[in-house]
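> The structure that follows is given in the form of C-alpha cells.
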C-alpha cells in the first residue's frame, strides 16, 4: 500500500457498514502494522421519494444512465450539492438541471464579443478582490466535510458575479464609457475564472473548458491567489459555448387510478317525490330478540306511525323519547323481523357510529323538510 494513498485523511463509508469499517478494518490494519485512517465519516443514503432505493420497489437510480444523459461533471456537481454528509438525501432528476454557471459563462462570452472584439481585455490596476471572503468561508466548510455548504457558497459567489454584470450594465455603458466597460468585463472574467478554479475538483472537464478559454491550462498547480491575474490578456475567446446543454426533463409517468364512477344524479322532481317531515318520538322500546333494532312510535303532526330503526347499538330507548327527528314518510311499509315499519328515520354514519339527524331548533311535528 503506497504512502501516497494511506493513511487516509478521511475514510468515507456508508452509514450501514459502520461495524465493518470502524471495528474489523482498524483491527486488521493494527494487526498488519499499518496506520489507521485519521477520520472515519459515515454518509447517509440516497432516497427516492423519501424511501431507500430497493430493487423490489423498482426505484433504483442508475447513475451511468444519468451520466450518459447529462454528462459526468453535471452529475458529480449534483451529487455534491444535494448530499449533506451524515444525513440522508433525496434524489430528484429535476433538481439536476440547475444551470447558473453555464448561463453566466455564455453571457460573458457574448458581452466580450460585443464590446471587446471577442478578446480578453487588459487588466487595469490590481482588479477587485471579490472572492476572498467567499473562498475563506468555503474552505472552512470543506474542512468540516460540509461539501454541499461549500458548494452553495461558491454558487452564491457566481450569482454575485451575475449581479455585478446587472449593476454595471455593459450593454448601456459600452458606447458611452468603453474603457469602464472593458474594466468591468475584465473583473467579471477574473471572478468567473476563480469560481471555475474552485469548482475544478468537482467538474474537472467543464471547468477546464472555461479556464482553457481564458488561457489557464494547468489549474491543478495554480495557487489560488494567482488565478485572477493568470487569465491571458488579448486571448480570443469562443463566440459562444454550451457548458451544460439543456436536457428536457420528462417526469416519470404515474399510473392513474381509475376514476370512480360518477354518482347517479336525480332531478329536482324526483327528489320532491320523497316526503321528508319532522317527527317527534313518543315511544321507544327494544325489538324482541334483536340487539340492533328499536321500535319507535312517532308523531308526525297528529299522525302516528311505527318505525323499525337499526339504532339500538347507538342509542338507549329512554334517550330518544321526546326527540325530534327527520322521517321519510311516503315509503311503502316494510316488514322487518315481524314488525311493520311505516317510514324511515335519517341518520349519518361516521367511523361506525350512527348519528340521528335532527333540527337545530324546536319545530312542530309534521313540518315539511326540503
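In this note's numbering, the protein residues as written are 17 to 386. Beta carbons: idealized from backbone N, C-alpha and C, even for Gly.
1. Going straight from the alpha carbon of residue 195 to that of residue 137, what length do you get?
2. Tell me which same chain residues have a C-beta within less than 6 Å of the C-beta of residue 352, skipping the five on either side of it?
3. Is residue 249 helix, strand or coil when you go by DSSP?
4. Put residue 289 into one of helix, strand or coil per three-state DSSP.
5. Output yes or no for whether 7 Å exceeds the beta carbon distance between residue 311 and residue 297.
6. Sorted by chain position, which residues of the same chain lie with C-beta nearer than 6 Å to residue 317's C-beta, five sequence neighbours on each side aside?
7. Which value, in whole angstroms, describes the spacing of the CA atoms of residue 27 and residue 193?
8. Could you tell me if residue 125 is buried or exposed, where buried requires 16 or more neighbouring beta carbons within 10 angstroms of its beta carbon?
9. In whole angstroms, what is the alpha-carbon distance linking residue 211 and residue 237?
10. From the DSSP secondary-structure annotation, give me the bridge partner or partners of residue 299.
11. Give the range of the alpha helix (DSSP H) segment to which residue 283 is assigned.
12. Is there contact here, the segment 202 to 221 with the segment 240 to 251, by at least three beta-carbon pairs under 8 Å?
13. Report the three-state DSSP secondary structure of residue 434 (helix, strand or coil).
14. Between residue 354 and residue 343, is the Cβ-Cβ spacing less than 7 Å?
15. Straight-line CA distance for residue 265 to residue 94?
16. Could you check where the beta strand (DSSP E) with residue 321 kicks off and where it finishes?
17. At what residues does the alpha helix (DSSP H) containing residue 335 begin and finish?
18. What do you get for residue 200, buried or exposed, if any count of 16 or more other CB atoms within 10 angstroms of its CB means buried?
19. Would you kindly report the start and end of the unbroken alpha helix (DSSP H) that includes residue 129?
20. Please report how far the alpha carbon of residue 185 lies from the alpha carbon of residue 39, in whole angstroms.
21. Apart from the five residues on each side of it in sequence, which residues of its chain come closer than 8 Å, Cβ to Cβ, to residue 307?
22. Here's the rule I'm using: 16 or more other beta-carbon atoms within 10 Å means buried, otherwise exposed. How should residue 357 be labelled?
23. Rounded to whole angstroms, what's the CA-CA distance from residue 302 to residue 289? Just pull it up for me.
24. Could you tell me the alpha carbon to alpha carbon distance between residue 17 and residue 54, rounded to whole angstroms?
25. Around the C-beta of residue 111, are 16 or more other C-beta atoms found within 10 angstroms, so that it is buried, or is it exposed?
26. Mapping DSSP to helix, strand and coil, what is residue 384?
27. Return the Cβ separation of residue 293 and residue 345 in integer angstroms, given the expectation that the two are a contact with Cβ distance under 8 Å.
28. Which residue from 384, 45 and 339 puts its Cα closest to that of residue 374?
29. Using 7 Å as the threshold, is the C-beta distance between residue 254 and residue 129 below it?
30. Verify whether the separation of the beta carbon atoms of residue 166 and residue 154 is less than 7 Å.
31. Please go through the same chain and pick out, in chain order, the residues whose beta-carbon is closer than 6 Å to the beta-carbon of residue 45, but skip the five residues on each side of it.
32. Between which two residues does the alpha helix (DSSP H) harbouring residue 363 extend?
33. Quick test of your reading: residue 219 and residue 89, contact by CB under 8 Å. State the CB separation rounded to the nearest angstrom.
34. Whose C-alpha, out of 159, 160, 133 and 176, is nearest the C-alpha of residue 150?
35. Once DSSP output is grouped into helix, strand and coil, what is the label at residue 139?
36. With a Cβ-Cβ cutoff of 7 Å, do residue 259 and residue 118 count as a contact?
With the structure as the only source:
1. 10 Å
2. 324, listed in sequence order.
3. coil
4. coil
5. no
6. 381 and 382
7. 54 Å
8. buried
9. 16 Å
10. According to DSSP, which records beta bridges pairwise, residue 299 is partnered with 313.
11. Run containing residue 283: none; DSSP gives neither H nor E here.
12. yes
13. Past the edges of the chain, shown from 17 to 386, lies residue 434, and the structure says nothing about it.
14. no
15. Note on residue 265: pLDDT 46, under 50, position unreliable in the model; the coordinate value appears next. Taking C-alpha positions only, residue 265 is separated from residue 94 by approximately 15 Å.
16. 319 to 325
17. 333 to 336
18. buried
19. 116 to 131
20. 60 Å
21. 328 and 329
22. buried
23. In a straight line, the C-alpha of residue 302 is about 31 Å away from that of residue 289.
24. Annotation note: pLDDT 48 at residue 17 (below 50); position unreliable, no value reported.
25. Note that residue 111 has pLDDT 48, beneath the 50 cutoff, so the model's placement of it is unreliable and no number is given.
26. strand
27. 5 Å
28. 339
29. no
30. yes
31. 52
32. Looking at the DSSP string, residue 363 is not in any alpha helix (DSSP H); the run it does join, the beta strand (DSSP E), is 363 to 366.
33. 4 Å
34. 176
35. coil
36. Yes; because the gap between Cβ atoms is below 7 Å, this pair is in contact.
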